[in-house]
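Asker: Residue numbers (the numbering used here): 1 to 138.
A virtual CB, placed ideally from N, CA and C, is assigned to each residue, including glycine.
Set out below in structure tokens:
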């Protein structure tokens with residue numbers, strides 16, 4: 001069940017951004033599923049869930065109603081800690097500093113130990129660890 005992080009990244013390295021398939025929440029959830037054996041977004045992806053209609057506005061409304069990105073992730077992954085405390089394999093909420101798709105400012109990613117890897121427009125990008133806002137142990 002436990003996948004090597006380098007292999008996980010290499011398999012997605014050149015995959016372009018696509019909502020609901022290869023966006024920041026999807027890649028983080030895929031990593032969690034690989035490590036824990038359970039999809040943290042399963043209930044949201046199920047019929048009637050916020051992700052089921054595959055509409056960005058519906059998802060953003062859910063995030064807002066949950067109290068924002070950090071609160072929404074904490075409801076699924078447990079208590080967060082400061083982003084700079086992230087360790088290799090942890091899920092991280094980072095300031096992306098750029099617009100990706102229709103959302104700007106923040107992105108979920110995975111800590112490599114030295115960077116935060118997250119989907120970019122046409123491939124994975126590596127953000128500096130200093131951009132980490134919150135982290136969850138995986």
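Considering Cα atoms alone, identify which of 113, 120, 114 is closest to residue 107.
Answerer: 120
Asker: Since residue 92 and residue 83 should fall inside the 8 Å C-beta cutoff, what is the C-beta to C-beta distance between them, to a whole number of angstroms?
Answerer: About 6 Å; that satisfies the 8 Å criterion.
Asker: According to DSSP, simplified to helix, strand and coil, what is residue 200?
Answerer: Here the chain has residues from 1 to 138 only, and residue 200 is not among them.
Asker: What does residue 107 pair with, by DSSP beta-bridge criteria?
Answerer: 94
Asker: Can you check the segment 47-82 for any alpha helix (DSSP H) of at least 4 residues that lies completely inside it and give the ranges in chain order?
Answerer: 56-66, 69-77
Asker: Would you kindly check if the distance between the Cβ of residue 81 and the Cβ of residue 135 is under 8 Å?
Answerer: yes
Asker: Taking 8 Å as the limit between beta carbons, can you name the residues of its chain near residue 78, skipping five residues before and five after?
Answerer: 136, 137
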